[in-house]
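FYI, in my numbering the residues of the sequence shown are 116 to 696. Right, one structure below, let's go through it.
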Amino acid sequence: MKSIGLCLSLLFLTFSLLGQGDSVKVFPHAVIHLVDGEFGDLERFRNKELKRVRQDELYQEIAKVAFSEGYILFEVESRVQSDSLILTLSPGAFYKWSLLTMNEETKAYMRKSGVNLNRFERSLVSPIRIGKAFNKTLAFLENHGFPFAQIKLDSVIISETSVKAEVSLDKGPLIMIDSLSIVGNLKVRKSYIANSTGIRPGGIYNESAIKTSSKRLSQIGFVQEVRPVEVRFNKDDTKVTLFLDNKQSSRFDGIIGFLPDPQTGELLVTGDVSIHLENGMKQGEVIDLNWRRLQTNTQDLDAQFLIPYVLNSPLSPDGKFKIYRRDTSFTDVFGQLGLRYIFNQTNYVRGFVDRQVSSLISTAAYENSLIIPEFLDRTITSYGLGIKLAKVDYFLNPSKGYTFELEGAAGNKVILRNPAIRSEIYDSLMLTSLQMRSNLNATYYVSIVKRLVWHQRFLGGALINDQLFNNEVYRIGGHRSIRGFNEESIFATNYAIARSEIRYQLDRDGFLFALFDQGWYENTAENRIGARRDTPYSVGLGVSLGTKAGVFSLATAVGSEQGNPMLIRAAKFHFGFLSVF
Numbered sequence: 116m117k118s119i120g121l122c123l124s125l126l127f128l129t130f131s132l133l134g135q136g137d138s139v140k141v142f143p144h145a146v147i148h149l150v151d152g153e154f155g156d157l158e159r160f161r162n163k164e165l166k167r168v169r170q171d172e173l174y175q176e177i178a179k180v181a182f183s184e185g186y187i188l189f190e191v192e193s194r195v196q197s198d199s200l201i202l203t204l205s206p207g208a209f210y211k212w213s214l215l216t217m218n219e220e221t222k223a224y225m226r227k228s229g230v231n232l233n234r235f236e237r238s239l240v241s242p243i244r245i246g247k248a249f250n251k252t253l254a255f256l257e258n259h260g261f262p263f264a265q266i267k268l269d270s271v272i273i274s275e276t277s278v279k280a281e282v283s284l285d286k287g288p289l290i291m292i293d294s295l296s297i298v299g300n301l302k303v304r305k306s307y308i309a310n311s312t313g314i315r316p317g318g319i320y321n322e323s324a325i326k327t328s329s330k331r332l333s334q335i336g337f338v339q340e341v342r343p344v345e346v347r348f349n350k351d352d353t354k355v356t357l358f359l360d361n362k363q364s365s366r367f368d369g370i371i372g373f374l375p376d377p378q379t380g381e382l383l384v385t386g387d388v389s390i391h392l393e394n395g396m397k398q399g400e401v402i403d404l405n406w407r408r409l410q411t412n413t414q415d416l417d418a419q420f421l422i423p424y425v426l427n428s429p430l431s432p433d434g435k436f437k438i439y440r441r442d443t444s445f446t447d448v449f450g451q452l453g454l455r456y457i458f459n460q461t462n463y464v465r466g467f468v469d470r471q472v473s474s475l476i477s478t479a480a481y482e483n484s485l486i487i488p489e490f491l492d493r494t495i496t497s498y499g500l501g502i503k504l505a506k507v508d509y510f511l512n513p514s515k516g517y518t519f520e521l522e523g524a525a526g527n528k529v530i531l532r533n534p535a536i537r538s539e540i541y542d543s544l545m546l547t548s549l550q551m552r553s554n555l556n557a558t559y560y561v562s563i564v565k566r567l568v569w570h571q572r573f574l575g576g577a578l579i580n581d582q583l584f585n586n587e588v589y590r591i592g593g594h595r596s597i598r599g600f601n602e603e604s605i606f607a608t609n610y611a612i613a614r615s616e617i618r619y620q621l622d623r624d625g626f627l628f629a630l631f632d633q634g635w636y637e638n639t640a641e642n643r644i645g646a647r648r649d650t651p652y653s654v655g656l657g658v659s660l661g662t663k664a665g666v667f668s669l670a671t672a673v674g675s676e677q678g679n680p681m682l683i684r685a686a687k688f689h690f691g692f693l694s695v696f
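If you want it as structure tokens, here you go:
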């Protein structure tokens, strides 16, 4: 038995070999010989012949397998014969841990970091495994206030087939972040940046927050990082400095559509205008406004807001308000208040409560009728949960990444009696009932080859109630859902849409694309409008061009429904404009 004192780095020297000066050389041919014996997974290398190999990469592969099998003192001899590399592998003895000791504090930190210490009892001595365990422990300590922690093996004793050692851990001093400074022309409350990055004055040092700060800041639309974060460990304090400038991120987005009026046949101009405002009041707030005129005498106004990190916490209130007027049929007023728990700028969970009130405008057609109307006055108060996850490389024109939004809600629906409608109609209706809904919006972007991107989007919605009416169902069709159809021309109680695009990138903001949309829907509403069930689809082409003024887009698509053929003369055209300011 021999006793040696080694630190971890010395014990885990990869291996000794001859001819290392040529270790980066590429050989067209290589042969590996293994000495006599049985050596577990190393047997895969016995008499193995390889073509075109890098010598250093081959050595690393052998070392990884040898270490995993416990052959920590293996040797490799190499020689060159003509243009071939000949290796002879001598594994030597394999070693097991006979004893691995540590104090209770070290045990506690290793377990907190997720290390399973039971795996080291009488197991093979694997530098790879113990290296991973040490790295996990150091990462845990670095993220909990100990950036100068050190861990190593000490008092190592190697016998013929076993190893004894002690794990020595030095945490170093506990480091607190004393101050967070922002250098640059960015104007926003400091607590917003602290919560967005996880770098909080007065909190313990977190190495992970420092390393991921650039990534998290890149997810904030109005923030431009000028240079990487700077950390100064002084004798008495620790200071973190971020170098941030303001970046234009507010957006104006408009689209115009042309389609024939179904009554007059004349050309009808529709509009969809959105304004997205960020950090206007220097609080990191977000405000969205959207106005749409989709059909004759039909308009839609939608407003949303978000106030992030209230009371210096991840809790962020949000809200929605919407008014929808459909010709002379009905008006919907929808209000929602929610509370988000923000993980980062693109990922959050939320709870919400909303109320929807639908009122008939004209009741002349129902005054003497004994048939249940297609629209009724009603209110719905719902409670729900939602989640959003997103990761894209460039929000205006992604080439890779994904977004995922899902929400569900349930609430009490009350049908209100309208004095202009005969009272006996209401006798056959459930005036109070439970109604549930769920909505899905998911996209992903895949870069196929240079400049070619596949964009896939999935949309879906479901309403669950035994008694639904046409003024509470989904309205799909048009550039936001299934293209090639009139805006919101399809009424559905349940639907699913897959939107596929192949994009050829012209530049950062511009691309050409071909599209194919496939939909499915059903409408189980009372006195439904349109088909009960169908699988419409559409094909089309488009272009998006980036200019100094903004991004202009043009798309045309033609659709088919109810098994009818596509008609080129019924193609829908959409013009759009997006400006960032």
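Ideal Cβ placement from N, Cα and C applies to all residues, glycine included. Note that the structure is a prediction, hence the values are computed from the model and not measured.
Thinking residue i and residue j are a contact (beta carbons under 8 Å), I'd like their distance in whole angstroms, please.
i, j, result
"phenylalanine 88", "aspartate 469", "With the chain covering 116 to 696 only, the question about residue 88 has no answer from this structure."
"leucine 630", "glycine 592", "Leucine 630 to glycine 592, Cβ: 15 Å. No contact."
"leucine 693", "aspartate 368", "5 Å"
"threonine 353", "aspartate 269", "In fact, because the Cβ distance is near 29 Å, the residues do not count as touching under 8 Å."
"glycine 690", "isoleucine 370", "It should be pointed out that residue 690 corresponds to phenylalanine in this sequence rather than to glycine. The Cβ separation is near 6 Å, so the contact holds."
"threonine 608", "asparagine 638", "5 Å"
"isoleucine 644", "phenylalanine 584", "The pair is not a contact, with the Cβ atoms about 10 Å apart (cut-off 8 Å)."
Nearest to residue i by alpha carbon, out of the options?
i, options, result
"threonine 413", "Arg595, Pro534, Ile438 and Gln419", "Ile438"
"phenylalanine 445", "Thr461, Leu430 and Thr478", "Thr478"
"glutamate 190", "Gly674, Gly207, Arg408 and Gly665", "Gly207"
"isoleucine 402", "Gly386, Pro423 and Asp415", "Pro423"
"threonine 356", "Gln363, Ser328, Gly336 and Trp406", "Ser328"
"asparagine 310", "Arg366, Gly399 and Asn394", "Gly399"
"leucine 301", "Arg493, Thr276, Arg234 and Gly336", "Gly336"
"glutamine 658", "Tyr619, Thr608 and Ile683", "Just to set this straight, residue 658 is valine in the shown sequence, not glutamine. For the residues Tyr619, Thr608 and Ile683, the minimum Cα distance to valine 658 belongs to Tyr619."
"arginine 440", "Val425, Leu421, Ile457 and Arg408", "Arg408"
"proline 707", "Tyr560, Ile476 and Asp508", "The structure shown does not extend to residue 707, since the chain is modelled only from 116 through 696, so no value can be given for it."
"phenylalanine 160", "Ser431, Leu200 and Ile147", "Ile147"
"aspartate 622", "His594, Leu544, Asn512 and Arg304", "Asn512"
"glutamate 164", "Phe182, Ala145 and Asp156", "Ala145"
"glycine 674", "Gly634, Gly645 and Phe600", "Phe600"
"alanine 577", "Ser596, Tyr186, Asp198 and Ala611", "Ala611"
"lysine 687", "Ala670, Val695 and Leu521", "Ala670"
"glycine 526", "Ile371, Phe467 and Val271", "Phe467"
"threonine 650", "Gln633, Arg366 and Gly665", "Gln633"
"serine 548", "Ile530, Gly691 and Ala418", "Ile530"
"arginine 730", "Arg493, Gly499, Lys211 and Ser199", "There is simply no residue 730 to check, as the chain begins at 116 and stops at 696 in what is shown."
"leucine 383", "Thr411, His391 and Gly395", "Thr411"
"glycine 287", "Arg465, Leu555 and Leu256", "Leu256"
"glutamate 587", "Gly155, Val507 and Met551", "Met551"
For residue i, count the other beta carbons within 10 Å of its own beta carbon; 16 or more makes it buried, fewer makes it exposed. Which is it?
i, result
"valine 240", "buried"
"serine 653", "buried"
"lysine 663", "exposed"
"glutamine 363", "exposed"
"leucine 387", "Before going further, note that residue 387 is aspartate rather than leucine in the sequence given. Result: buried."
"arginine 96", "Any answer about residue 96 is impossible in this case: the structure gives the chain only from 116 up to 696."
"leucine 123", "Any reading at leucine 123 must be qualified, since the residue scores a pLDDT of 36, below 50, and its modelled position is unreliable; no value is offered."
"arginine 614", "buried"
"lysine 528", "buried"
"isoleucine 502", "exposed"
"phenylalanine 458", "exposed"
"glutamate 602", "buried"
"methionine 492", "Looking at the sequence itself, residue 492 is aspartate, so the reference to methionine does not match. Per the 10 Å Cβ criterion, buried."
"glutamine 677", "exposed"
"leucine 289", "exposed"
"glutamine 471", "buried"
"glutamine 175", "exposed"
Name the one or two DSSP bridge partners that residue i has.
i, result
"proline 316", "DSSP output for proline 316 lists no bridge partner at all."
"histidine 259", "Bridge partners of histidine 259: none, in fact."
"arginine 590", "Phe606"
"lysine 222", "According to DSSP, which records beta bridges pairwise, lysine 222 is partnered with nothing at all."
"arginine 493", "Ser473 and Ile530"
"phenylalanine 449", "Lys437 and Gln471"
"methionine 291", "Ile319"
"isoleucine 245", "According to DSSP, isoleucine 245 bridges with nothing at all."
"tyrosine 517", "Lys506 and Tyr559"
"glycine 499", "Phe467 and Ala524"
Sequence ranges, beta strand (DSSP E) only - wholly within the segment 523 to 578, length at least 3: Correct list: 547 to 564.
Scan the segment 351 to 436 and note each continuous alpha helix (DSSP H) run of 4 residues or more that stays entirely inside, going in chain order. Secondary structure in the segment 351 to 436: no alpha helix (DSSP H) run of 4 residues or longer lies completely within the stretch.
Can you list the beta strand (DSSP E) stretches of 3 or more residues lying completely in the segment 613 to 674, in chain order? Whole beta strand (DSSP E) segments, 3+ residues: 626 to 637 and 652 to 661.
Curious, which full-length alpha helix (DSSP H) runs of at least 4 residues does the segment 154 to 206 contain? Every alpha helix (DSSP H) stretch that sits fully inside the segment 154 to 206 and reaches 4 residues is listed by chain position as 170 to 183.
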